[in-house]
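>
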Amino acid sequence: MPGTNFEGLTVLTLESRRGQEISRLIETYGGKAFHAPAMREVPLSSNLEALKFADALFEGKFDVVVFLTGVGARALRTVVEGAHPAEKFLGALREAAVFARGPKPVAVLREWGVPIALTAPEPNTWRELLRAIDNNKQELRGKRVAVQEYGVSNPELLLALRERGAEVTAVPVYTWDLPEDTGPLEGAIEEIIAGRIDVALFTTSVQIHHLFQIAEQAGKKNALKTGMERAVKASIGPTTSEVLRSYGLLVDLEASHPKMGFLVKEAAESARALLQGIAARPR
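Quick note, the sequence shown lines up with residues 91 to 373 if you use the numbering used here.
Below, the structure written as structure tokens:
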């Protein structure tokens, strides 16, 4: 067991795909894992938007294609390949200026042999992407820009691109839905309200939206916020931190690198001290 650990604190994780992995990691660091999956990935029942994007891309109707996630990039290719040869899609991408938000879409595009015109620096949020566009003097006025979306739409990014003069098309590829069984999530809300969760780990902003969505449906949104104020709120990165703040919550810890291992390790090292600081805050 690591020398610095949670020392028996109860640690909430809302992770879905990697739930067992993060729970074991919490336990390795001396915590009691409370696992409540907050979401499931659902392919869009209709792929019409993605296929319309592909048709327009083949016709040369996009000057810029923005990839926001690696998973979304792969999902988009899978959809398009259901109707067109893979090389036709990749060849059309090579004719456009391709922007990538972070290292995951960069890795996918390099694997495909698609040149990347611009990448966002760390911490790889949409704000850094816009800053990179401005700093590199990428003129968007009059350009036709497609944005591969992920989970929930980012209206602020789309608006900012339009403000720079671009004609923007959002390309949703997959979405996040509530888990089929919301019982564990409802249980997590009750535990937070009762003050029995010491640390809450958030690895994506969708977890936060879904947590509050379920609480609001039960008429417990305010009680959840009050309970969350008493716990350590640890975020994997800037985008997730931004959403926590949008719900009026302070971010007690943000991982130094946006990776699950860093999040758990750094939360374990700081949890006791952070709890003391939270207890000392005026109510």
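All C-beta atoms, glycine included, are put in the ideal place defined by N, C-alpha and C.
Small disclaimer: the values here were computed from a predicted structure and weren't measured.
Does DSSP put PHE302 in a helix, a strand or coil?
Indexing the sequence shown from 1 puts residue 302 at position 212. Here PHE302 sits in helix by DSSP.
> Around the Cβ of SER106, are there at least 16 other Cβ atoms within 10 angstroms (buried) or fewer (exposed)?
The residue given as residue 106 occupies position 16 in the sequence shown. Per the 10 Å Cβ criterion, buried.
> Return the chain-ordered list of same chain residues with a C-beta closer than 6 Å to the C-beta of PRO328, the five sequence neighbours on each side being excluded.
For the purposes of this step, residue 328 is taken as residue 238 along the sequence shown, with counting starting at 1. The answer, listed in chain order, is PRO213 and THR215.
> Check each candidate in GLU306, LYS233 and THR272 and name the one with the smallest Cα separation from GLY150.
The count along the sequence shown starts at 1 and reaches residue 150 at position 60. Looking at the Cα atoms, LYS233 is the closest of the given residues.
> State the DSSP-derived secondary structure class of ALA363, mapped to helix, strand or coil.
Indexing the sequence shown from 1 puts residue 363 at position 273. The answer is helix: DSSP assigns ALA363 an H, G or I state.
> To the nearest angstrom, how far is the alpha carbon of HIS125 from that of HIS299?
Counting from one through the sequence shown, the residue named residue 125 turns up at place 35. Counting from one through the sequence shown, the residue named residue 299 turns up at place 209. Answer to the nearest angstrom: the Cα atoms are 17 Å apart.
> Please name the residue, chosen from GLU201, GLU253 and ALA278, that lies closest to ASP224 on a Cα-to-Cα basis.
Locating residue 224 in the sequence shown gives position 134, where the first residue counts as 1. Nearest C-alpha to ASP224: GLU253.
> How would you write the range of the alpha helix (DSSP H) that ALA126 sits in, first residue to last?
Within the sequence shown, the letter at position 36 stands for residue 126. Per DSSP, ALA126 belongs to no alpha helix (DSSP H) and is neither H nor E.
> Taking contact to mean 3 or more Cβ pairs, one atom from each stretch, closer than 8 Å, check whether the region 149-169 and the region 188-196 are in contact.
Short answer: they touch.
> Hey, out of PRO127, PHE96, ASN95 and LEU251, whose CA is closest to ASP267's CA?
For the purposes of this step, residue 267 is identified with residue 177 of the sequence shown, where counting begins at 1. Nearest C-alpha to ASP267: PRO127.
> Pick helix, strand or coil for SER346, following the three-state DSSP scheme.
Walking along the sequence shown from the start, residue 346 turns up at place 256. Three-state result, SER346: coil.
> State the start and end residues of the unbroken alpha helix (DSSP H) segment that holds PHE143.
Position 53 of the sequence shown, counted from the start, is the residue given in the question as residue 143. It spans 138-148 - the alpha helix (DSSP H) in which PHE143 sits, taken as one unbroken run.
> Strictly by DSSP, which residues pair up with LEU102?
Reading the sequence shown from its first residue, position 12 is the one you call residue 102. PHE124 and ALA290, per the DSSP bridge assignment.
> Could you name the residues of the same chain whose beta carbon sits closer than 7 Å to that of GLY317, not counting the 5 residues immediately before and after it, in chain order?
Here residue 317 corresponds to residue number 227 of the sequence shown, with the count starting at 1. The residues are ILE282, ILE283 and GLY285.
> Only counting the same chain, and skipping five residues up and downstream in sequence, which positions put a Cβ closer than 8 Å to that of GLU239?
The residue given as residue 239 occupies position 149 in the sequence shown. Cβ within range, chain order: LEU158, GLY162, ALA260, VAL261, PRO262 and VAL263.
> Identify the continuous beta strand (DSSP E) that holds GLU257 and give its terminal residues.
By one-based count along the sequence shown, residue 257 stands at place 167. Looking at the DSSP string, the run of the beta strand (DSSP E) that includes GLU257 is 257-262.
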